[in-house]
Each structure stands twice: as C-alpha cells, then as structure tokens.
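>
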Amino acid sequence: MSEAAAQPPIERGGWPGVAWALRRDLRLALRSKAELGVQLLFYVVVVSLFPLGVGADPTLLRALGPGVLWVAALLASLLSLPRLFAADFADGTLEQIALSPYPLPALISGKILAHWLTTGVPLAALSPLLALQFGLDGSELVALAAGLALGTPTLSLLGAIGAALTLGLRAGGALLALLILPLYVPILIFGAGAVEASRVGLAAGGELSVLGAALLVAAIGAPLASAAAVRIALD
Amino acid sequence: MGSNSINWFKFASPASFFPLAGHLARWFAVLAVPLAASGLWLGLVVAPTDAQQGDAYRIIFIHVPAAWMSMFIYLVMAAWCAASLTLNARLSAMMAQALAPTGALFTVIALWTGALWGRPAWGTYWAWDARMTSELILLFLYLGYMALRHAIDEPRRADRASAVLALVGAVNVPIIYFSVKWWNTLHQGATVSLTAAPKMASIMLTAMLLMTFAAWFYAIAVAMVRVRAIILERERRTSWAGALAGAAR
Amino acid sequence: MSLTEFFAMGGYGFYVWGSYAMTVVLVAIEITAVRTRFRAARMAAQLGENAG
Numbered sequence: 057m058s059e060a061a062a063q064p065p066i067e068r069g070g071w072p073g074v075a076w077a078l079r080r081d082l083r084l085a086l087r088s089k090a091e092l093g094v095q096l097l098f099y100v101v102v103v104s105l106f107p108l109g110v111g112a113d114p115t116l117l118r119a120l121g122p123g124v125l126w127v128a129a130l131l132a133s134l135l136s137l138p139r140l141f142a143a144d145f146a147d148g149t150l151e152q153i154a155l156s157p158y159p160l161p162a163l164i165s166g167k168i169l170a171h172w173l174t175t176g177v178p179l180a181a182l183s184p185l186l187a188l189q190f191g192l193d194g195s196e197l198v199a200l201a202a203g204l205a206l207g208t209p210t211l212s213l214l215g216a217i218g219a220a221l222t223l224g225l226r227a228g229g230a231l232l233a234l235l236i237l238p239l240y241v242p243i244l245i246f247g248a249g250a251v252e253a254s255r256v257g258l259a260a261g262g263e264l265s266v267l268g269a270a271l272l273v274a275a276i277g278a279p280l281a282s283a284a285a286v287r288i289a290l291d
Numbered sequence: 018m019g020s021n022s023i024n025w026f027k028f029a030s031p032a033s034f035f036p037l038a039g040h041l042a043r044w045f046a047v048l049a050v051p052l053a054a055s056g057l058w059l060g061l062v063v064a065p066t067d068a069q070q071g072d073a074y075r076i077i078f079i080h081v082p083a084a085w086m087s088m089f090i091y092l093v094m095a096a097w098c099a100a101s102l103t104l105n106a107r108l109s110a111m112m113a114q115a116l117a118p119t120g121a122l123f124t125v126i127a128l129w130t131g132a133l134w135g136r137p138a139w140g141t142y143w144a145w146d147a148r149m150t151s152e153l154i155l156l157f158l159y160l161g162y163m164a165l166r167h168a169i170d171e172p173r174r175a176d177r178a179s180a181v182l183a184l185v186g187a188v189n190v191p192i193i194y195f196s197v198k199w200w201n202t203l204h205q206g207a208t209v210s211l212t213a214a215p216k217m218a219s220i221m222l223t224a225m226l227l228m229t230f231a232a233w234f235y236a237i238a239v240a241m242v243r244v245r246a247i248i249l250e251r252e253r254r255t256s257w258a259g260a261l262a263g264a265a266r
Numbered sequence: 040m041s042l043t044e045f046f047a048m049g050g051y052g053f054y055v056w057g058s059y060a061m062t063v064v065l066v067a068i069e070i071t072a073v074r075t076r077f078r079a080a081r082m083a084a085q086l087g088e089n090a091g
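Chains as they are written, first to last, in the working numbering: chain A, 57 to 291; chain B, 18 to 266; chain C, 40 to 91.
(1) Counting contacts by CB-CB distance shorter than 9 Å, is valine 188(B) in contact with chain C?
(2) Would a C-beta distance cut-off of 9 Å place glycine 70(A) and valine 251(A) closer than the cut-off?
(3) Nearest-angstrom Cα distance between arginine 136(B) and tryptophan 145(B)?
(4) List the residues of chain A that tryptophan 200(B) touches, going by C-beta distances under 8 Å, in chain order.
(5) If the cut is a Cβ gap below 8 Å, which residues of chain A does valine 181(B) touch?
(6) Quick one: does glutamate 252(A) have its CB under 9 Å from some CB of chain B?
(7) Identify whether glycine 272(B) lies in helix, strand or coil by the three-state DSSP scheme.
(8) Looking at the structure shown, is tyrosine 54(C) part of a helix, part of a strand, or coil, going by DSSP?
(9) Counting only the same chain and skipping the five closest in sequence on each side, list residues whose C-beta sits under 7 Å from that of isoleucine 220(B).
(10) Do you know how far the Cα of glycine 194(A) is from the Cα of methionine 163(B)?
(11) Chain B beta carbons: is any one of them nearer than 9 Å to that of glycine 277(A)?
(12) Report all residues from its chain with a CB closer than 7 Å to the CB of leucine 206(A); omit the five preceding and five following residues, and keep chain order.
(13) On the three-state DSSP scale, how would you describe aspartate 113(A)?
(14) From Asn201(B), Pro82(B), Arg254(B) and Ile126(B), pick the residue whose C-alpha is nearest to that of glycine 56(B); which is it?
(15) Within 9 Å (strictly less), CB to CB, does arginine 226(A) reach chain B?
(16) Hey, would you say arginine 173(B) sits closer than 9 Å to aspartate 291(A), going by beta carbons?
(17) Under 8 Å, CB to CB, which of the residues in the segment 111-140 of chain B have a partner in chain C?
(18) If the cut is a Cβ gap below 7 Å, which residues of chain B does leucine 65(C) touch?
(19) Can you name the start and end residues of the alpha helix (DSSP H) that tryptophan 257(B) belongs to?
(20) Let's test the definition: count the other Cβ atoms within 10 Å of the Cβ of proline 191(B) and tell me whether it reaches 16, buried, or not, exposed.
(21) Just to confirm my understanding: we take alanine 127(B), look at its own chain, exclude 5 residues before and 5 after, and list those with CB closer than 7 Å. What are they?
(22) Using a beta-carbon distance below 9 Å, is proline 239(B) in contact with chain C?
(23) Are the C-beta of alanine 72(B) and some C-beta of chain C separated by less than 9 Å?
(24) Show which residues of chain C have a CB atom less than 8 Å away from the CB atom of glycine 161(B).
(25) Could you give the distance in angstroms between the alpha-carbon of alanine 49(B) and the alpha-carbon of leucine 41(B)?
(26) Which class does glycine 71(B) belong to by DSSP, given the choice of helix, strand or coil?
(27) Alpha helix (DSSP H) containing threonine 103(B): first to last residue?
(28) At a cut of 8 Å, does the segment 273-281 of chain A reach the segment 209-221 of chain A through at least three beta carbon pairs?
(29) Is there a C-beta anywhere in chain D that falls below 9 Å from the one on isoleucine 193(B)?
(30) So what does DSSP say about valine 197(B), is it helix, strand or coil?
(31) Note down the Cα distance separating alanine 207(B) from valine 241(A), rounded to an integer number of angstroms.
(32) Label phenylalanine 141(A) either buried or exposed according to how many other C-beta atoms from any shown protein chain fall within 10 Å of its C-beta, with 16 as the threshold for buried.
(33) Within the continuous alpha helix (DSSP H) that includes tryptophan 58(B), where are the two ends?
(34) At a cut of 8 Å, does the segment 113-129 of chain B reach the segment 88-105 of chain B through at least three beta carbon pairs?
Below you can see the structure in the form of structure tokens.
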C-alpha cells in the first residue's frame, strides 16, 4: 500500500449538508402526511381539554389561554421528537449518515429544520385559531403566533439533543420528556409572557427578542451537542 | 517529574483511587460530626429568637446549607462530566455518578425545609417564588441525569450521554434561574421578599457556615463511599478488583 | 431555655422539628443505602475474583 496513493477523505461543506438532510427529511415526512396530521390534532385536542377541566368561565380562560396554548405546544413538540432520529437509527441509516462526508452537525441541522417545518410551523399557524377559543384577540394573537414561530425552532433544537441522547432506549418517550421539559421552561416563560405583555398593552418586543436570542444560541449549540450525542449512541 | 513529587495522575485510575477514597471517606465523615453538632448547637440553642419570625427562622440553618450544596454539587458534578468527556477518563465519570444522588438528596431537603419554613413565615407551603421553583427544576435535572444513566445499559455510553446531559443542564441552570426570576416578578410583584432571612447576627452566620461545611464534608464522605461501590461494581471482572475488595474494610 | 421550651420552638415546633427530623431521616437512609451498596459490591467483587 503506497502512501502516495492514499487520499484524504472527501469532505463536503456544511450548507450543502444542511440542504441535503433538509430535502431528504422533508421528502420522508411528507410521505406520511397522516402522521403530521395526527400531531397537529394532538395539539388541538390537548388545548380543548383545558376548558373541559377548568370550566368555561371566559375570564378564567382568558387568563389561562397563553399558558395553555404554550404548554400544549411543548407537549406536541415532545410527541414528535422521536421521529427525528428513531427511524434512521432503527434501519441503520443513521450510521451511514454519521459516516458521510457532510459534517454531522450540519446534517442534524437540516433534520431539525425539516422537523420544525413539519411540526412547529403548522402549530404556530394554527394557534391563533385555537386562541379564539380562549377569548384572546388582536395583538395577543399576533404575539402568540410570533412567539410560537420564534420559539418552536428552539423547541426542536433542544429536543434534538434529548432525542439523540435517548436513542434506542426502552423508556424513550417518557425519559425524553423528563430530560427536555426543564430546558423548555425559559421558552415557555417568555413565550407566554409575550402574549400577556400584549394583553396589558405593552409591546411584546422584549419577550420576543429574548426568544430570538435563545433561538440563535440554540441554533449554534444544539446541533453540536446533538451530533456528540448521536456519536455516543452509535458507538 | 522528580521522585520527590507526587504523581497525581496515578490517582486517575480507579484502582489507585480506591484506597484513597476510603481514607477520604473516613476523615470527612469524622470531621462532619463536630461541625454539624456545633452548628446545630449555635443555631438551635444559642442564637436568639427572631423578632418577626419567632423560632421558625431556625429552619434556615438546614435549609440554606442544603440549597447551597444542591447547587454546588451540581456544578462539581458537571465539572467531573466535562473532565470525563475531554480526558475520556472512567474515574471522572464515576465521580459524577457518585455525586448525583447526594445532590438530589440536598435538593429534596432544601425543598422540604423551604416549604415548612414558608408556612409559618409567609402563610403558604409553596409560593412559587423564584428560588424554590428553580430548586424544583434543579431536582428534575438531577433526576433526569440519574434516569438517563439508569436507562442505558452499556456503562461507557451511559457515562458519555449523561455527561452531555449534565453539561447541557449546567449551561441552562442560570438561564432557567433568571427566566424564573423574571416570571416571578411579573406575576407576583416584588412586594414579598420570600428570600429574606432575618438580619444576620454573627452567631447566626457562624451557625450557617458550620452547617454548610458539615453538609459539604458529609457529601464528600458519602460520595467517596459510593464511588468505591461504583468502582467495584463496574470493575468487578478485573483481577485487581477482587484483591481490593478483599482488603477493603 | 427549658427542655419543653426547646421542643416547643415558640409554637413552631412542628415546622422546625419537621424540617430537622426529615433531614435526619433522609440522611440516615442515604448512609444506610450507600453502605449496603458498598458491601454488596465488595461481596460481588470478591466472588468475581474467585469465579475467574
């Protein structure tokens, strides 16, 4: 084996990796549209359970509305997270992906982006409609949708770390919830806070900025942490 | 390195750390007792009764040290996790594994004593104030770490995965704390300062410091015994494990 | 301060002693558990050596 013949492995760039994973995961997700529909339906059902539990008093519902809509969004996110890696892990594709010339964090970013587009975006779009059930209106609805639009990517990003850590484990889903929900708390606080700020007439800009900042930090850190976690699970 | 200096890296192997841990456990356990005794004596007997809260305030002598230790242990645990990932060292991971249950215990003590202090002092067992709520989330972080370790059968994967989790948690702890604090001022107003301990007479401060050191030494002693158990559990198929176990008191 | 006064803690005895008693109980449980764990591990390690 001559050393002159040995070539360094071909390394592909980050952004093409993101695009590749995004296209692939979107294609796969759109094949099972029913699954996506079910997740959205889960959101609707959970939100509708709360008035059944606490009574239909309009003042109470208005007070609860932001929190309920956000908590239900957290839970709906959690429900769909295993989908991120589980199928690929089960049939060995994830190992191939990890070995590919694209950087793993980039590929994971693409997967997370696909996850958000198929989970978070519909959630954020549907939420103003559901918020009407709680008597929210006007600027509150805008703050809610904007907050969810900014917050759900972070939920997907943080959730990916949990999904990667719990790959292939028995109690996966419940364990994932235990690990990730504490990390979701700041997003919940500022997301619901944005709606409440606009309720009292303040601009929700402050809370939304915090959500934006969280998104930036998570966008950089979470793919790296998830990549490390995936490699740990694959070893 | 000269022959006179200690080769600290020798203790990086579980086998050589095992006897040292045994000595440390004994010494720190012994030291913890008089510290706790004197702290409790000062706090429960000598310190004067508070004008506003009566004798109920005496709970702080266990509540505050427990809360401090719960946070301190998490940081130390995260540091060991960082070491285990960067140095790929088994013993560092074992140290983190040994600390977690004790950290969780202190969190529970802090929450329980905080609730029992809250009732007489502010009328309610649980007031969703920033510090207690953050303490509750810290408990979830500890339990999550322990649950993840437990769910993974293969020890090295468990080491690495839980290390990543602990570090992600450590980064998030200040974020969670400040967002909970923000949330708390938003919803409750700053009218009731739920964290105000009575103005500290120096006796009270001394008692708190003594109890904190007692808790700290207790934690070290328990962690040392636990890490010895972990070393034996994880290394029991090696030849030296049996010899060490035979020699262990 | 008499012994009865000490136990009464100015009427707050339930809260003060409830706190310290729980602490003692939890600490006792932890110490017992960790020592049991160590002894079991020690036994297993000694047997492990004999077995192979």
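A virtual CB, placed ideally from N, CA and C, is assigned to each residue, including glycine.
Short version:
(1) no
(2) no
(3) Within the model, the alpha-carbon separation for arginine 136(B) versus tryptophan 145(B) is close to 13 Å.
(4) Ile245 and Gly249
(5) Ile217, Leu221, Ala281, Ala284, Ala285 and Ile288
(6) yes
(7) A question about residue 272(B) goes unanswered here, because the residues of chain B that appear run from 18 up to 266.
(8) Tyrosine 54(C) falls in the helix class under three-state DSSP.
(9) Leu59, Val63 and Ala64
(10) 45 Å
(11) yes
(12) Leu264, Leu267, Gly268 and Leu271
(13) Reduced to three states, the DSSP call for aspartate 113(A) is coil.
(14) Proximity to glycine 56(B) across Asn201(B), Pro82(B), Arg254(B) and Ile126(B) peaks at Pro82(B), based on C-alpha coordinates.
(15) yes
(16) yes
(17) Residues Pro118, Thr119, Leu122, Val125, Ile126, Trp129, Thr130, Leu133, Trp134, Arg136 and Pro137.
(18) Leu122, Val125 and Ile126
(19) 256-264
(20) exposed
(21) His80, Ala83, Ala84, Ser87 and Glu152
(22) It should be noted that the sequence gives valine, not proline, for residue 239(B). Residue-level contact check: valine 239(B) touches chain C, since one or more beta carbons of chain C fall below 9 Å from its beta carbon.
(23) The displayed chain sequence assigns aspartate, not alanine, to residue 72(B). For aspartate 72(B), at least one C-beta of chain C is nearer than 9 Å to its own C-beta.
(24) Neighbourhood of glycine 161(B) in chain C, by CB distance below 8 Å: empty, with the nearest CB roughly 20 Å away.
(25) In a straight line, the C-alpha of alanine 49(B) is about 12 Å away from that of leucine 41(B).
(26) strand
(27) Start and end: 77-104.
(28) yes
(29) Here the protein chains are A, B and C, and chain D is not one of them.
(30) Residue state, collapsed to three classes: helix.
(31) Reliability of the predicted coordinates at alanine 207(B) is poor, the pLDDT of 42 falling under 50, and the value obtained from them is presented with this limitation in mind. For alanine 207(B) and valine 241(A), the distance between alpha carbons rounds to 21 Å.
(32) buried
(33) First-last for tryptophan 58(B): undefined, no H or E at that position.
(34) yes
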